[in-house]
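Numbering (UniProt numbering), first residue to last: 1 to 512.
The next block holds one structure in the form of structure tokens; read it before the comments.
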């Protein structure tokens with residue numbers, strides 16, 4: 001519903017200005033404020049928020065790194081044996097500037113891609129492909145030693161350094177965000193429980209850089225769950241525009257609900273149009289990865305199609321082949337180290353070097369999981385006496401200072417070195433490099449319906465649970481991460497988990 005109200009004249013105005021005041025709930029709303037005292041349908045009258053200084057400096061750092069990468073590539077092309085000069089200084093400057101411009105055209109500096117996900121790196125690779133294609137076609141039409149050297153000598157290292165530079169900048173960004181810096185101020189809209197759930201999820205993912213500063217709900221007096229999360233309720237859904245402005249928010253996250261659907265969401269986006277305030281919508285599909293979501297437009301409403309998880313096909317075959325190839329190479333490369341660890345285990349405690357334990361694998365098949373023995377030989381017989389000291393949960397037994405762990409075993413566990421023999425399990429096809437946590441029969445017998453989804457794929461040496469806290473996770477959190485992996489698996493996700501595993505192991509996060 002729209003209505004007409006009057007705004008007091010400002011200097012230079014001859015008469016009061018009629019302004020359309022749009023209610024976000026269907027009722028009339030006449031509240032003062034920059035977001036309300038303007039034509040709702042006119043984005044050109046909006047007061048645009050300044051881009052945060054940290055975002056400007058971060059983007060500038062990326063551009064400088066990209067520029068240095070291409071300078072290094074051109075220098076390498078000129079100094080290697082039989083090097084060819086890049087021509088005149090203007091030519092060199094033009095080549096240096098062309099790379100950041102190409103990256104910008106590919107969307108590698110777009111704010112929504114910076115800091116999270118892998119789309120930023122895909123855009124960098126796209127820019128590299130465009131550059132290589134341009135150089136290749138030009139060299140084919142006008143053969144030149146310079147073009148060939150740019151393509152074969154300068155471009156590959158420039159692309160590699162660009163990616164590495166962005167990885168380092170992202171690590172710096174994530175470190176700052178863990179300290180509460182370089183973040184966006186966010187207001188969450190929706191029902192009480194849905195908003196509280198969104199707040200918890202946003203806090204868990206510090207890398208996203210979304211810091212919740214307030215919430216708007218239908219009935220603030222009933223917002224028990226939101227207040228329990230320590231988030232101030234700053235307004236109603238009807239007064240959201242004013243509350244967003246008062247909170248100096250950089251972004252709005254809308255929880256999926258009937259009150260925030262349809263016309264409400266449309267009108268909210270109209271009010272915020274032109275203000276540089278992002279509008280993000282939580283569709284309620286929190287366990288579904290974006291690669292499984294596809295917009296299916298119709299003549300009346302866009303629909304989101306949720307594609308089925310991929311449990312077979314060429315990607316699964318590629319994963320299996322990659323697993324076995326990597327496991328085979330790793331066993332050969334690390335064989336001297338593996339022998340040394342086995343000798344250390346045998347020399348410092350009674351019992352075999354390897355520990356075999358029956359685990360449940362894909363489709364419920366049992367297999368013998370291999371580990372370096374990190375406990376005394378009769379550890380299994382002692383567990384009953386220690387159950388009262390369990391620091392895990394009702395399903396898994398965990399102790400931070402388990403008396404059964406040997407000194408060598410404690411060192412191996414702290415860096416997850418005791419799990420290296422599982423490369424043999426991967427080579428045999430019982431396990432994968434990345435997958436859900438392998439569980440014992442006693443644990444599987446207590447699975448609920450959702451937990452059995454973990455048995456649709458091979459268990460892994462590492463997984464989302466490994467890079468998200470390991471033993472510090474609760475049982476529910478571990479299950480949630482495992483099921484999320486099963487539902488949203490991809491080769492790209494596997495590579496990201498392997499990369500994060502190295503960091504988690506070196507930092508010994510949650511290892512005991």
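Beta carbons: idealized from backbone N, C-alpha and C, even for Gly.
As the structure is a computational prediction, the values presented were derived from the model and not from experiment.
Output the distance between the C-alpha atoms of residue 35 and residue 274, rounded to the nearest integer angstrom.
To locate residue 35, count along the chain shown from 1; it is residue 35. To locate residue 274, count along the chain shown from 1; it is residue 274. With a pLDDT of only 46 at residue 35, under 50, the local geometry of the prediction cannot be trusted, and the value read off the model is given with reservation. The straight-line gap from Cα to Cα measures roughly 10 angstroms.
For residue 304, count neighbouring C-beta atoms within 10 Å of its own C-beta (all shown protein chains included) and say buried if the count is 16 or more, exposed if not.
Start at 1 with the first residue of the chain shown, and residue 304 comes out as number 304. When all chains shown are included, residue 304 counts as exposed.
Across the region 336-356 and the region 443-453, are there enough close Cβ pairs to call them in contact, namely three or more that are closer than 8 angstroms?
Touching, no.
With residue 417 and residue 327 assumed to form a contact (beta carbons below 8 angstroms), what rounded beta-carbon distance in angstroms separates them?
Residue mapping note: residue 417 aligns to position 417 of the chain shown, counting from 1. Residue mapping note: residue 327 aligns to position 327 of the chain shown, counting from 1. Between residue 327 and residue 417 the Cβ distance is about 16 angstroms, and since that is not below 8 angstroms, they are no contact.
Kindly identify the DSSP beta-bridge partner or partners of residue 432.
For this step, residue 432 is matched to residue 432 along the chain shown. Answer by DSSP bridge pairing, in chain order: 460.
Quick one, which of 494, 75, 357 and 362 has its alpha-carbon nearest residue 456's?
Here residue 456 refers to the residue found at position 456 when the chain shown is read from its first residue. The residue with the shortest Cα to Cα distance from residue 456 is 362.
Decide if residue 313 is buried, meaning its Cβ has at least 16 other Cβ atoms within 10 Å, or exposed.
Numbered from 1 along the chain shown, position 313 holds the residue referred to as residue 313. Burial call: exposed.
I need the DSSP call for residue 51, collapsed to helix, strand or coil.
Reading the chain shown from its first residue, position 51 is the one you call residue 51. Three-state DSSP puts residue 51 in coil, outside helix and strand.
I need the DSSP call for residue 255, collapsed to helix, strand or coil.
In the chain shown, the residue the question calls residue 255 occupies position 255. In this structure, residue 255 counts as strand in the three-state DSSP scheme.
Taking only three categories from DSSP, how would you classify residue 296?
Here residue 296 refers to the residue found at position 296 when the chain shown is read from its first residue. Strand.
Starting from residue 180 and walking both ways along the beta strand (DSSP E), at which residues does that stretch end?
Within the chain shown, numbered from 1, the residue matching residue 180 stands at position 180. Element bounds for residue 180: n/a, residue is neither H nor E.
With residue 370 as the anchor, note down where its beta strand (DSSP E) starts and where it stops.
Looking up residue 370 in the chain shown gives position 370. Where residue 370 is concerned, the enclosing beta strand (DSSP E) stretches over 366-372.
By a C-beta neighbour count over all protein chains shown, 10 Å radius and 16 as the cutoff for buried, is residue 507 buried or exposed?
Looking up residue 507 in the chain shown gives position 507. Residue 507 comes out exposed.
If the criterion is Cβ atoms closer than 8 angstroms, does the pair residue 231 and residue 217 meet it?
Counted from its first residue, the chain shown places residue 231 at position 231. Counted from its first residue, the chain shown places residue 217 at position 217. Against a cut-off of 8 angstroms, the Cβ pair of residue 217 and residue 231 comes out as no contact.
Should the region 154-167 be called in touch with the region 188-205, which here means at least 3 C-beta pairs below 8 angstroms?
Judged by Cβ distances under 8 angstroms, the region 154-167 makes no contact with the region 188-205, as fewer than three pairs qualify.
Tell me the DSSP secondary structure of residue 142 in three-state form.
Along the chain shown, one-based indexing puts residue 142 at 142. Coil.
Examine the ligand NAP and report whether any of its heavy atoms sits within less than 7 angstroms of the Cβ of residue 324.
Absence of the ligand NAP from the depicted structure is noted, as is the absence of any ligand whatsoever, leaving it without description.
I need the boundaries of the alpha helix (DSSP H) containing residue 225, first residue and last residue.
Taking the first residue of the chain shown as position 1, residue 225 is located at position 225. From DSSP, the alpha helix (DSSP H) with residue 225 extends over 224-228.
Taking the Cβ atom as the reference point for each residue, do residue 58 and residue 182 lie within a distance shorter than 8 angstroms?
Within the chain shown, residue 58 is the residue found at index 58, counting from 1. Within the chain shown, residue 182 is the residue found at index 182, counting from 1. Result yes, Cβ atoms of residue 58 and residue 182 sit closer than 8 angstroms.
Using a Cβ-Cβ cutoff of less than 6 angstroms, which residues in the same chain neighbour residue 491 once the five nearest sequence positions on both sides are dropped?
Along the chain shown, read from residue 1 onward, the residue named residue 491 stands at position 491. Excluding positions up to five away in sequence, the list is empty.
Which residues share a DSSP beta bridge with residue 175?
Numbered from its first residue, the chain shown carries residue 175 at position 175. DSSP, once it has assigned bridges, lists no residue as partnering residue 175.
Going by DSSP, what residues sit across from residue 236 in a beta bridge?
As a first step, residue 236 must be located in the chain shown, where it is residue number 236. Beta-bridge pairing links residue 236 to 217.
For residue 336 and residue 488, I'd like the C-alpha separation in whole angstroms.
Here residue 336 refers to the residue found at position 336 when the chain shown is read from its first residue. Here residue 488 refers to the residue found at position 488 when the chain shown is read from its first residue. In a straight line, the C-alpha of residue 336 is about 37 angstroms away from that of residue 488.
Buried or exposed: residue 222, going by 16 or more other Cβ atoms within 10 Å of its Cβ?
Taking the chain shown and counting its residues from 1, one reaches residue 222 at position 222. Exposed: under 16 other Cβ atoms inside 10 Å.
Report the rounded CA-to-CA distance for residue 371 versus residue 346, giving the unit in angstroms.
The residue given as residue 371 occupies position 371 in the chain shown. The residue given as residue 346 occupies position 346 in the chain shown. Cα-Cα distance, rounded: 13 angstroms.
Quick check on residue 505: does DSSP put it in helix, strand or coil?
For this step, residue 505 is matched to residue 505 along the chain shown. If DSSP states are grouped into helix, strand and coil, residue 505 belongs with the helices.
With a cut-off of 8 angstroms, do at least 3 Cβ pairs link the region 200-214 to the region 260-276?
Too few Cβ pairs lie closer than 8 angstroms, so no.
Using the Cα positions of residue 500 and residue 247, report the straight-line distance between them to the nearest angstrom.
To locate residue 500, count along the chain shown from 1; it is residue 500. To locate residue 247, count along the chain shown from 1; it is residue 247. Their Cα atoms are separated by approximately 35 angstroms.
With burial defined as no fewer than 16 other Cβ atoms inside 10 Å of the residue's Cβ, what is the status of residue 19: buried or exposed?
In the chain shown, residue 19 corresponds to position 19, counting from 1. Residue confidence is low: residue 19 scores 35 on pLDDT, short of 50, so the model does not pin down where it sits. Its coordinate-derived value is still stated next. Buried.
Exposed or buried, residue 106, counting other C-beta atoms within 10 Å across all chains shown (16 or more means buried)?
If you number the chain shown from 1, residue 106 lands on position 106. The residue in question, residue 106, is buried, as its Cβ has 16 or more Cβ neighbours within 10 Å.
Could you give the DSSP three-state label for residue 304: helix, strand or coil?
Position 304 of the chain shown, counted from the start, is the residue given in the question as residue 304. Of the three classes helix, strand and coil, the one that applies to residue 304 here is strand, per DSSP.
Using a Cβ-Cβ cut-off of 7 angstroms (strictly less than) and excluding sequence neighbours within five positions of residue 220, which residues of its own chain qualify?
Looking up residue 220 in the chain shown gives position 220. Within the same chain, residue 220 has close Cβ partners 233 and 236.
Residue 94: which of 55, 67, 426 and 281 sits nearest, CA to CA?
As a working note, residue 94 is residue 94 in the chain shown. For residue 94, the nearest C-alpha among the options comes from 67.
On a Cα-Cα basis, can you pick out the residue from 476, 319 and 440 that is closest to residue 432?
Counted from its first residue, the chain shown places residue 432 at position 432. When only C-alpha atoms are compared, the closest one is 319.
Taking buried to mean at least 16 other C-beta atoms within 10 Å of its own C-beta, is residue 308 buried or exposed?
In the chain shown, the residue the question calls residue 308 occupies position 308. Exposed: under 16 other Cβ atoms inside 10 Å.
Cα separation between residue 147 and residue 64?
As a working note, residue 147 is residue 147 in the chain shown. As a working note, residue 64 is residue 64 in the chain shown. Cα to Cα, the separation comes out at about 24 angstroms.
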